[in-house]
Each structure stands twice: as C-alpha cells, then as structure tokens.
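Accompanying notes for the structure given below.
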Amino acid sequence: MKRVLLIILLQLGLTSICAQNYKFGKVSKEELQEKFNPADSSANATVLYSSEKIEYEYDNEVGFYVIKDIHKRIKIYNKEGLEWAKHAVRMYDKSSALKENLSALRGITYNLINGEVKEQKLKKDGIFKEKENEYWKKTTFTLPSVTVGSVIEFKYVVKSYYASKLDDVLLQELIPIKKLVYQVTIPEYYNFKLHPNLKSNLNPKIDYDSSSKEIIVKWRDKRPGPGGIIRKHESLLDYSEKIIRVNEENIPGLKKEIYVANLNNYKSKLSFELVSTKSFGSKITNYANNWNSVVEKIYKSENFGEQLIKNDYFKKDVDVLLQSLKANSDKITAIYNSVKSKVKWNDFIGIYTDNGVKKAYNSGVGNVADINLMLISMLRYAGVNANPILISTKSNGIPLFPTRQGFNYVLCGVEINNEIILLDATEENTTVNIVPERVLNWQGRMIRANGSSNWVDLYPKKNSNNTTMISTTLNDDLFFTGKMRNQQTDYYAYEYRNEYVGVESESLMRDLSKDKGELQIADLEVKNVLELGKPVQQVYNFTYEDGVEEIGSEVYVSPMLFLTQEDNVFNKEDRSYPIDFSFPRSNKNIINLTIPNGYKVKSIPESVKLVMSDGVGEYSYLVKQMGNTIQVSEALKINFPIIAVMYYPELREVYKKMIEKNGEKIVLEKI
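Residue numbers (the working numbering): 21 to 691.
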C-alpha cells in the first residue's frame, strides 16, 4: 500500500513540475531554453500562451460596457522572430459615448543570462500613442531588450463603451500557438450570431455554457405635478449570461504563400453579428441587417451623403474648367485630373470624411473619403452620373456578413455607355479604370442618390500587357550587342510609374540592369511616363557578356538572354489559398538573334504550347530559324485576376515548363 501511495505521489509531483504555469510573470527556464518549436521547426517564434477574456459590466450612468482582458506570452527563436516584440492596439475614438480605452498595460522581456532568468519591464518610453483620424486611435508598444532566445510577455485591458459590437476573435496567427484560451460572457440583453471563418482550414471546438448574474440598477424619476420632487430608486436585477469558450492547443501557424493579398482572410477566427438587443423592460430591437440597409445608414451620415450635396466651394473653379467641354468623357477627364492636382491624399483611408470636403478642398489635403466624395460631387455638378462605391480593401479582408465595419474605403463609379468606370483620385498615377491595387478586392457596393444599391465587380477584365522585343547579334568575340524595346500598358504602366517617375536616367539604368549579370545599358529613352493614358515605352542599346558558353567546337547560347527566368515562384507541391494576381496579364518576349559568321545552327529548342483549363491561362514558347537569324517568341497569359486553388497544379506546371524552356540552349557549331 505504501509503495502504491509513493508512486501516486511521485506521479503527482512530476505532473506538477511539468505543468505549464501561465500566470503572468511565471516564465520558466525551459521556455527560455527552447531552441525551436517541436511541432514546427521552421517557426520564427511561437505564442506560448494566448488568453482573451471578455465580460460585460454595468454602470448606471452609461449602461453596459465591455471589458477585454488580454494576456500573451511569446518565444523568439531567431532574428526574423524579433518583429513579434512590437504590438499595436487600435481603438475606436469617435465619440465619448462609444469610445474605447486601454489601461493596465504591463510587459516584461525575459532573457536567460549565465543560467539565470533576467527580467526587463516595459517602460513609458516603449509606449507610443497616436490619433489615426477622427474615428480611431492606436497604442503601440515595443518590448525592451528582445533578442534571439527571449520570451516576451504582456497584458492589458481594453474598456469599450461600444457594447453592441464585439471584435473578431483571432484563433490563429502567422506563428504557432501552443495554448489558446478564449472566453466571452454576454448578458441576455445582447443577442449575437457567431460566424466562424469558413475560408480557414481549421475548425475550432466551441463550447457553450450559461450563468446568472445580479446587478443593482438605479434610476430617478420626478413626481408628477408642480413642484414634484425627484425620487431615487434602486432594484436588484437578476439576469442570465451566455458563455462562449474556445480552448485549443498546438494551433499551427498560417503559412505564407506568394500571391496572397491578405493572409488574415484565411485565419481561423470568430466574428460576432448583432442580431437584437433587449431592454430591461423586455422590449426587443432587431438589427438583422442586409447590405441595402447597411449602405443606406452610411449614405445618410453627415460625413458621407451630406458631403455629396455641398458644391458652393468648387462651383467657380469647375465652371471655368467646363467652359469649352461638351462630351461627358472630356468632363470626367478634366475634373478627375483637377481633383488629383488640387487635393493630396494624407494616407488615411475610411468611408467617412475627416474634416469635410470643403475644408479638404481649401487646404489641399484630405483622406480617401474627402477626395473621392469631392470628385463625385463635382462630376454630378457637371451632369455626369457618378456615385460612391463602398469597398473593403485587401488589408481589411472580405466581410462575412452585412456590417458597416465591412467597408473601409470609397471609390467613385461613373455609369456611362452601359458600363461602370472606376475612379480614385488619391494617387497621381491612377487613371480611368486603373485604381490602386489595394482596392482590387472582390466587389464594391455602389450607392445611388435615389437610394438603390448594387454590387460592382472591382477586378479588371482587360489584360495588362508587358511586351519586350530584342534585336541582337552574337559577335565574333561571343558577346551580344543589340537594342531592347519594351512597352507596358494599364496596370503594368501604373506600377512602372509608381516606381520610376522622377528617377534619374543613371539610377534607372542601374536598376534595370540589376541582377542581370554582365548587362551594360546605354542610350536609355523612356516615353509617356507622365502621359497617363498612353503605354510606357522603354528603348535602350545594350551589350551582354553572359548567356554564352564555348565547349570545343560548339557554342551554347541562352536565347532568352537577360530575360531568362531561373526560379519557379510556384515550386511547392500543394497550395492552400487562391492565387491573387490582382489583374489579368499578358507577358510577351520576342528575341531576334543573329548568329556570327563561321557558325551554323546545330540544334534549337523545341516549340511548346500549354493551355490551362477553362481559359485560365496559357504559355507558348516558339522557335524558328530564318537563315542566320533565330527568333524566339515566348508568351504567358493569365486571363483572370484570381486563380482558384483547383487550378494550381496546372499553373504550377505552366511555370515549371516556362523555367525549363528558359534554361534550354541553342547549339552552334563552327563551319
């Protein structure tokens, strides 16, 4: 009996020793000594513990409010993991009635030095507060003395008077999570519908429970009649609470993949949709939204719809602008260019104006809504059928249900000749139907002045072209001389302008020859960079001393020259997320290569053509010889901005074949 008891006690002791202590400040040596995550050795860091506890409290002055208690502990494995030392908390700050505040922020960095655990606490100089705009503020903090091997820990409380809104609960990060605990307790006066993220590959187990709570409710009233006195009352109120819990372990990190606009779209998370509220008197108010009701509320806002009515501040200027213009297309171009030159974007996004369109116009600075609502108002004044389009940017994700928070950006949409053209005046290099790539995210909701609304596809349907033509000669000394001509349209031209407008010729030539071996560029000429409606064109002469290898009496030539692609960006066997190219595209390279005297062609690469299913894309590599000239024509077409995962094996095969063909040689032999 004593032996059995001893074994049990030893087991209990071992369990106690091995049990993880998640209390704040109780970081172990074992956590500090850990060199990598046993379940994912590639992880740069790991969330050792993540706790989020949300409760509703009651105040007789303001009613219910929300208390959110956050606690995180993170292990840093390598230099790339150091970015996890910095964190930010974004809070609503529009009105005192709904504002959110952060308090009780504590942070500690733990390092193991000479076998001892050393602590360094977060101080005031590591905490930064900023007002983002009229609606949002942010507190950013960086843990001190973080190095490879550190464990960081922080906790804070957010108090929110916005009781009818619960933030999304993130159940997954870009790094693994060893232990996650989440709990929200909601009084019966708030009825939320829970939405898991169906795009996630994880299916968290959600537990439900209930409890009861008592509060003392106080109120005042006045006795009827003249000289009535004010009476004070209080009552004990007993109500039920709904408890939602998630308790998970060893959650894998979300793996990064190329051509994913926003990886957060695929995180495991829970979203809360407010369905109804109930007063103490049991009166129920329903909030079952649809997109029509959501956009209607937005449109009626003084910082949205009312801004479209104002026109006194620009009338004189626009009247002068329109004096000799008759066609709507000319009016659109003139007003659009005028707004872009008159008002500069302050880098703030949002669907509501900050200071109003009039002030933005007079000061020359505004946020997205200031600028694009101003544009819409001017176009309407000119008789153009222009309307706002509410969207969610790529960084904001795709809303799971109808909600005003689902939109964070506004574009201008013009209905003309049975089509809708998109305009965004926040950037100098945008033009008609060429809007910033940050807004190319599924659909937007167009709202008309008569109250009607409908979805508008934001993705471009027309292919942007990048065409390169090279005429080159392989000289007797076995290096290339020639001329390169390149033309880029639409989104390719937009990207080129964003990168190179204002760049000096010498710097541009260095950039164009970077990572292209022994390429020397001369006589560079660039056309149409500032003429936004035209393709960007580049022409330059070059010498190229790579791409040729002489072995005995044979010469091996890489016909793609410095256009050769060596790495397949889609080299993984499987893929979890759709491929986001942002815009459909067509890339074409044509190389005309003249071989030197005294040589003949022994062999050339075989021509090939691959066509993907359902018109998704195609690749061709065609080679033909005409006397002492060899022409190589390569073309890659991707006909849709978003490629579904089901097409990934075909897309991967196309890129694999392209890399393979780029590596093939023309073989010359001496005559």
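No residue lacks a Cβ here, since even glycine has one placed at the ideal position from N, Cα and C. Just so you know, these numbers come straight off a predicted model, no measurement behind them.
Inclusion of THR162 and ALA124 in the CB contact set at 7 Å is not warranted, their separation being larger than that value.
For a cut-off of 8 Å, the C-beta gap from ASN348 to TYR401 is around 13 Å, too long to register as a contact. Per DSSP, reduced to three states, the secondary structure at PRO244 is coil, with no helix or strand assignment. Closest in alpha carbon position to ASN357, among LYS289, SER288 and ASN449, is ASN449. Residue environment for SER232: exposed (fewer than 16 other C-beta atoms within 10 angstroms of its C-beta).
For the pair TYR307 and ALA183, the CB atoms are not nearer than the 7 Å cut-off.
The three-state reading of DSSP puts LYS592 in coil, since its state is none of H, G, I, E or B. Beta bridge pairing from DSSP links GLU268 with LEU200. When C-alpha distances from GLU574 are compared across LEU532, LYS622, LYS554 and GLU586, the shortest belongs to LYS622. Residue pairing by DSSP places ASN607 opposite ASN486 and LEU656 in a beta bridge.
Contact between THR488 and MET504 holds, since their C-beta atoms are separated by about 7 Å, short of 8 Å.
Per DSSP, GLY325 lies in no beta strand (DSSP E); the unbroken alpha helix (DSSP H) holding it starts and ends at 325 to 329. Only buried fits PRO408, as 16 or more other CB atoms lie within 10 angstroms of its CB. Looking at ARG110, ALA65 and LYS482, the one whose alpha-carbon comes closest to that of GLY101 is ALA65. Between the segment 386 to 405 and the segment 310 to 318, the count of Cβ pairs shorter than 8 Å is below three; the stretches do not touch. Between the alpha carbons of PHE212 and GLN192 lies a gap of roughly 22 Å. PHE148 sits exposed, since fewer than 16 C-beta atoms from the chains shown fall within 10 Å of its C-beta. Annotated as proximal: VAL171 and LEU52, with beta-carbon spacing under 7 Å. Burial check for TYR228: the Cβ neighbour count within 10 Å stays below 16, so the residue is exposed. Using a C-beta cut-off of 8 Å, the segment 373 to 386 makes no contact with the segment 338 to 348, since fewer than three inter-stretch Cβ pairs fall below that distance.
For SER527, there is no enclosing beta strand (DSSP E); the enclosing alpha helix (DSSP H) has its first and last residue at 525 to 533. Non-local C-beta neighbours of ASP258 in its own chain, meaning closer than 7 Å and more than five positions away in sequence, comprise SER232 and GLU234, ordered along the chain. The straight-line gap separating the alpha-carbon atoms of GLU435 and LYS629 is approximately 40 Å. In the structure shown, the three-state DSSP call for ASP229 is strand. PRO408 is bridged by DSSP to CYS432. Judged by pairs of C-beta atoms under 8 Å, the segment 606 to 622 touches the segment 647 to 655, as three or more such pairs exist. Here LYS620 is exposed: its Cβ has fewer than 16 other Cβ atoms, across all protein chains shown, within 10 Å. Around the CB of LYS681, 16 or more other CB atoms lie within 10 Å, so the residue is classed as buried. Contact check for GLY273 and ASP60: beta-carbon distance about 6 Å, within the 8 Å limit, so the pair qualifies.
Assigned with DSSP and collapsed to three states, PHE601 falls in coil, not helix or strand.
Secondary structure note for LYS336: its alpha helix (DSSP H) is the uninterrupted segment 335 to 341.
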